[in-house]
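1 is the number of the first residue of the sequence shown in this note's numbering; add one for each residue after it. Even glycine gets a Cβ: it sits at the ideal position worked out from N, Cα and C. A short write-up of the structure that comes next.
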Amino acid sequence: MSDNFNEELNKVTIETEEIIYSYLPKEEGLQSTVLEAMNYSMKAGGKRLRPILMRETAKFFGTDNEEVKPFMAAMEMIHTYSLVHDDLPAMDNDAFRRGLPTTHIKYGHAMGILAGDALLNYAYEMCANAIVVSKDMIKAAKAFKVLSSKAGIFGMVGGQTVDVEYTGNGTQMNKEVLDFIFKLKTGALIEASMMIGAILSDANDEEIKKIEEIASAIGMAFQIQDDILDVTSTMEVLGKPVMSDEKNHKETFVSLYGTDKSVEMVKAYTKEAIDKLDDIRGKNDFLRELLMSLIYREK
Ligand code: GRG
């Protein structure tokens, strides 16, 4: 890790947050409560990893322009909606996220559901607007296609569905099902983030496919690390309850393979991603270091 990586990450995170905030809706009108709930969840913090990956992948292929910004905000809105809904009593039933009371605890269950719905729809509205004003409408529409399919039933929602069905129903989880869940539930948005960066930059179809594979490996590493942190970290560091998987009778990589093997798998998936990244045209040392840093992330 270079000496100034953390400094650079801080700077990039602040810039990303400014971009995201510039797209948040005004809290006005008769529906202001749900607008407040949306902004509450969006302003609660978080690593902003997905929009950062999107912009840094665009830079990898040589572009840092305005076109990517609405997609960065839309991605973070979709990610945040998934967390808001995942925390609801019907799913993980968690009271804390990002160090704050979850949206449904603060605003009530109905507003929690509506804020999630509103974030998803607002994200799509922003993308539609971005396409209309884009200098390259085909590229922007391609980016929207990836965003909507990776967030949907063949992406994140599909993975979450299988996760919910298997959780606590007594069926023994095997590696195939767990891989499917992780690839879709966690991997799909990470794939979409990096692919959209590539699409809105200068990447060709073959390179976009390679980026999808790289992001898929990163998604696996990220989720396995999430499972590890759930058993090794603390509420203070994570900003959310630990041992949540055990509470929800969720099978994870840690419960299937143990912590040591899981740590090895995080390293192996990350190495696979970095090797593939080094193999394609493009350059962004910060992106490379960011992917590497996820192995040692503590939150
Ligand atoms: C409700 C449709 C629907 C989907 C929910 C994404 C998801 C599916 C549930 C959230 C719970 C979970 C463990 C998801 C896996 C992805 C993950 C590790 C999310 C947390 O992402 P971070 O660490 O969060 O980037 P921050 O707070 O930093 O943004």
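Check                                                                                                                   : Outcome
Residues of its chain near Gly282, where Cβ-Cβ distance is below 6 Å and the 5 sequence neighbours each way are ignored : Phe60, Phe61
Beta carbon of Ala221 nearer than 8 Å to that of Met194                                                                 : no
Beta-carbon separation (whole angstroms), Ile218 vs Ile190, contact threshold 8 Å                                       : 6 Å
Cβ-heavy atom distance, Thr16 to ligand 1, below 7 Å                                                                    : no
Distance, Val68 Cα to Asp163 Cα                                                                                         : 31 Å
Per-residue DSSP class, three states only, for Leu88                                                                    : coil
Paired residues, beta bridge with Leu100 - DSSP                                                                         : Arg97
Limits of the alpha helix (DSSP H) - the one that Gly303 falls within                                                   : Residue 303 cannot be examined here, being either before or after the span of the chain that is shown, 1 to 299.
C-beta atoms of Met54 and Met38 nearer than 8 Å                                                                         : no
Exposed unless 16 or more other CB atoms sit within 10 angstroms - verdict on Val336                                    : Summary: the structure shown does not reach residue 336, with the chain confined to residues 1 through 299, and so no result is reported for it.
C-beta contact flag for Ile211 and Thr63 at 8 Å                                                                         : no
Proximal residues to Tyr107 (C-beta, below 6 Å), its chain only, five neighbours per side dropped                       : Ala37
Any non-hydrogen atom of ligand 1 closer than 7 Å to Leu178 Cβ                                                          : no
CB contact flag (Gly168, Leu184, <8 Å)                                                                                  : no
With 16 other Cβ atoms within 10 Å as the buried cut-off, status of Pro25                                               : buried
Whole alpha helix (DSSP H) elements within the stretch 160-184, 4-residue minimum                                       : 175-182
Within 8 Å, strictly: CB atoms of Thr16 and Ile52                                                                       : yes
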